[in-house]
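Colleague:
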Amino acid sequence: MTGMVRKATLLACGGILVASAAMAAVPSPAPDSVLPCGINLVGTTGLGGTADAKGQFTIQVNDLALNPIAGSSVVISFNTCTPDIRVCTTQSYPVSGIVSDCSGVVGSVSAVTDGNGEVILRVTGGSNNIAAGTPGAGFKCAVVFADGVALGTVNVGAYDETGGGGVGVPDVSSFLSDSFRFQSLAIYVGRSDFNCNNTITPTDLANLLTVSLPGTSSHSCGAALPIYCH
Ligand SMILES: [Ca+2]
Ligand SMILES: [Ca+2]
Numbered sequence: 002m003t004g005m006v007r008k009a010t011l012l013a014c015g016g017i018l019v020a021s022a023a024m025a026a027v028p029s030p031a032p033d034s035v036l037p038c039g040i041n042l043v044g045t046t047g048l049g050g051t052a053d054a055k056g057q058f059t060i061q062v063n064d065l066a067l068n069p070i071a072g073s074s075v076v077i078s079f080n081t082c083t084p085d086i087r088v089c090t091t092q093s094y095p096v097s098g099i100v101s102d103c104s105g106v107v108g109s110v111s112a113v114t115d116g117n118g119e120v121i122l123r124v125t126g127g128s129n130n131i132a133a134g135t136p137g138a139g140f141k142c143a144v145v146f147a148d149g150v151a152l153g154t155v156n157v158g159a160y161d162e163t164g165g166g167g168v169g170v171p172d173v174s175s176f177l178s179d180s181f182r183f184q185s186l187a188i189y190v191g192r193s194d195f196n197c198n199n200t201i202t203p204t205d206l207a208n209l210l211t212v213s214l215p216g217t218s219s220h221s222c223g224a225a226l227p228i229y230c231h
């Protein structure tokens, strides 16, 4: 191989490497990227405290070849979760640098993936289920994006059904209303489906009780008065 041909070959290989590196940075939708089936909005443990660990979940952003993408901007948009889902203006779980963006009709949260291509999140928020028959968003209302690419949808449960007073007895009452409507009228709302199986059953009630009884989501939005985007 002459020197010139060798140089040309090296340049060509280099070009392919650069091209593949650029392609590797493009997020690929699930199942290449890994999303939870559903996420559950929580309150904070105490006034001005940290978001309840009961709401923790992980999203991993991968490319088409299943390589994790570090530094990817993940956005969970709740803007199609009308008319009931509410997102707090301030997020209080600092891992992954989660912040709220209230620019849409409901709001969204964003965070940046770590070296493993992951964001580890807890989202504070709730719903406006304060009266029997309050309409709600359906199954998997939220859309997850990474660097602008839609990765998939996730269900949104809201332990703080009433959107006030943290998670307690009134939320259990509101849940039961949703549960009765599902059993008797087959009316489904995503906010009361805490195990993301597209039904509302006693399993979801048991899930809610693990949050309401210990009082770990004692405050809505971590504030004396809940402060929502909308
Ligand atoms: Ca409540
Ligand atoms: Ca369920």
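Here the numbering used here is used: the first residue of the sequence shown is 2, the next is one more, and so on. In this text, a Cβ means the ideal position worked out from N, Cα and C, and glycines have one as well. Bear in mind the structure is a predicted one, so any value in this text is a computation, not a measurement.
Report all residues for which the CB-ligand distance to some heavy atom of ligand 1 is below 7 angstroms; order them along the chain.
Modeller: Gly-127, Asp-161, Glu-162, Thr-163, Gly-164, Gly-165, Gly-166, Gly-167, Val-168, Gly-169, Pro-171, Asp-172 and Ser-221
Colleague: Helix, strand or coil, according to DSSP, for Phe-79 in the structure here?
Modeller: coil
Colleague: Whose C-beta lies closer than 8 angstroms to the C-beta of Asp-194 among residues of the same chain, with five residues either side of it excluded?
Modeller: So the list reads Gly-39, Phe-140, Asn-156, Gly-158, Thr-200, Ile-201 and Asp-205, once near-sequence residues are dropped.
Colleague: Using 8 angstroms for Cβ pairs, my map puts Gly-164 next to Tyr-229. What's the rounded Cβ distance?
Modeller: 7 angstroms
Colleague: Using 8 angstroms as the cut-off, can you tell me whether the region 33-52 makes contact with the region 119-126, which would need three or more C-beta pairs spanning the two stretches below that distance?
Modeller: yes
Colleague: Going along the chain, which residues of its own chain have a beta-carbon closer than 6 angstroms to the beta-carbon of Phe-146, five neighbours each way excluded?
Modeller: Val-76
Colleague: Verify the contact flag: Ile-40, CB atom, against every heavy atom of ligand 2, threshold strictly below 7 angstroms.
Modeller: no
Colleague: With Gln-184 as the anchor, note down where its alpha helix (DSSP H) starts and where it stops.
Modeller: Taken as a continuous stretch (DSSP letters only), the alpha helix (DSSP H) holding Gln-184 covers 170-186.
Colleague: Identify the continuous alpha helix (DSSP H) that holds Asn-208 and give its terminal residues.
Modeller: 203-213
Colleague: Quick check: the Cα distance between Gly-105 and Cys-82, rounded to an integer number of angstroms?
Modeller: 11 angstroms
Colleague: Mind checking Phe-79: buried by the 16 CB within 10 Å criterion, or exposed?
Modeller: Taking all protein chains in view, the Cβ of Phe-79 is crowded by 16 or more other Cβ atoms within 10 Å, so the residue is classified as buried.
Colleague: Taking one C-beta from the region 211-221 and one from the region 44-61 each time, how about it: are there three or more such pairs within less than 8 angstroms?
Modeller: yes
Colleague: What three-state label does DSSP hand Arg-123 in the structure shown?
Modeller: coil
Colleague: Do you know how far the Cα of Gln-92 is from the Cα of Tyr-160?
Modeller: About 16 angstroms.
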